[in-house]
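Asks: Under this note's numbering, the first residue of the sequence shown carries the number 8, and numbering increases by one thereafter. Backbone N, C-alpha and C fix where the C-beta goes; we use that ideal spot for every residue, glycine too. I'd like to ask some things about the structure below.
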Amino acid sequence: MRSLIDELARMPGIGARSAERLAFYILKSESPDALRLAEAIRSVKENLHHCADCYNLSDSTLCALCADPKRDHTRVLVVEQPKDLIALELTGMYKGLYHVLMGRLSPLDGIAPGDLTIAQLLRRIDDPKPDAPRIEEIILGLNPTVEGDGTALYLAGELRTRRVSVSRLARGLPTGGMLEYANKAVLADAIQGRQSVE
Ligand SMILES: [Zn+2]
């Protein structure tokens, strides 16, 4: 029981009291329910990996978005984390593809371009797969934070010499705010009102 409470308390947003409440709930719940929870956790860790093209979470080689021929494969929205992709996807406003950087540049924390999937993004642009259309627009969907801005600036520099138009999500988002917490309407406006990056 103690170890269950300790593990729950390590989760984000779960304090000691909540962890105790959850642990007692699990203790009291029917065995199949509790085991289903355990199985769901095991399954997500064992079966989920990253899409070979965009690094979205996926249970197959390509994620459902990259594998969907109805999506616009000429547009790619670049985000920091899979959870940003999920938030943007929930708006239903965007029909292109994504690229998940798996973080953002942060010189102070020693996170350099080689630690992110930037080279893989540039390869998608420079060297598309034989059956894939050429990427025409890159939309920078980084968080409006110091590191997000720095990453967007770096990417804009890398993309300048390439034949793609580059835009950035509009600043409806509060500075320092995080995409994952913005509401649908704000995100939808940010996609629609995206601004070209010179
Ligand atoms: Zn994908």
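Taking the alpha-carbon of R175 as reference, which of L147, D60, V193, A163 has the nearest alpha-carbon?
Replies: The sequence position of residue 175 within the sequence shown is 168, counting from 1. Out of L147, D60, V193, A163, L147 has the C-alpha closest to the C-alpha of R175.
Asks: Less than 7 Å between the CB of L128 and some heavy atom of ligand 3, yes or no?
Replies: For the structure depicted, ligand 3 is absent and the ligand set comprises only ligand 1.
Asks: Kindly indicate which residue of M18, K77, G20, F31 has the alpha-carbon position closest to the one of R9.
Replies: Your numbering for residue 9 matches position 2 in the sequence shown. Comparing Cα-Cα distances from R9 to each of M18, K77, G20, F31, the minimum goes to F31.
Asks: Please tell me whether, using a cut-off of 7 Å, the distance from the CB of I69 to the nearest non-hydrogen atom of ligand 1 is below it.
Replies: Working through the sequence shown from its first residue, we reach residue 69 at position 62. The displayed chain sequence assigns Leu, not Ile, to residue 69. Under cutoff, so the answer is yes.
Asks: Go to V83, then tell me how far its beta strand (DSSP E) extends in each direction, as first and last residue.
Replies: Stepping through the sequence shown from its first residue, residue 83 is reached at position 76. Counting along the chain, the beta strand (DSSP E) containing V83 begins and ends at 79 to 86.
Asks: In chain order, what residues of the same chain lie with their CB nearer than 6 Å to the CB of L64, ignoring the 5 residues before and after it?
Replies: Reading the sequence shown from its first residue, position 57 is the one you call residue 64. Excluding positions up to five away in sequence, the list reads L55, P89.
Asks: Do the region 119 to 138 and the region 89 to 102 touch if we need at least three Cβ pairs shorter than 8 Å?
Replies: Counting Cβ pairs under 8 Å, fewer than three are found: no touch.
Asks: Is it true that the region 98 to 117 meets the region 39 to 46, where meeting means three or more beta-carbon pairs spaced less than 8 Å apart?
Replies: no
Asks: Less than 8 Å between the C-beta atoms of G155 and R111, yes or no?
Replies: Translated into the one-based positions of the sequence shown, residue 155 becomes position 148. Translated into the one-based positions of the sequence shown, residue 111 becomes position 104. Contact flag set, yes.
Asks: Per the DSSP calculation, E144 is bridged to which residue(s)?
Replies: Here residue 144 corresponds to residue number 137 of the sequence shown, with the count starting at 1. Answer is R82, S172, bridged to E144.
Asks: Pick helix, strand or coil for L104, following the three-state DSSP scheme.
Replies: For the purposes of this step, residue 104 is taken as residue 97 along the sequence shown, with counting starting at 1. Reduced to three states, the DSSP call for L104 is strand.
Asks: Should N190 be labelled buried (16 or more other beta-carbon atoms within 10 Å of its own) or exposed?
Replies: Taking the sequence shown and counting its residues from 1, one reaches residue 190 at position 183. Result: exposed.
Asks: Look at the Cβ atom of R169, then the Cβ atom of T81, and state whether they are nearer than 8 Å.
Replies: Counted from its first residue, the sequence shown places residue 169 at position 162. Counted from its first residue, the sequence shown places residue 81 at position 74. In this structure, T81 does not lie closer than 8 Å to R169 by Cβ.
Asks: My output table needs one value for L64: the three-state DSSP class, helix, strand or coil.
Replies: Within the sequence shown, the letter at position 57 stands for residue 64. DSSP places L64 in strand when its eight states are reduced to three.
Asks: Keeping to the same chain, check which residues put their C-beta closer than 7 Å to that of R78; ignore five residues upstream and five downstream.
Replies: The residue labelled residue 78 in the question sits at position 71 within the sequence shown. The residues are L72, K102, G103, L104.
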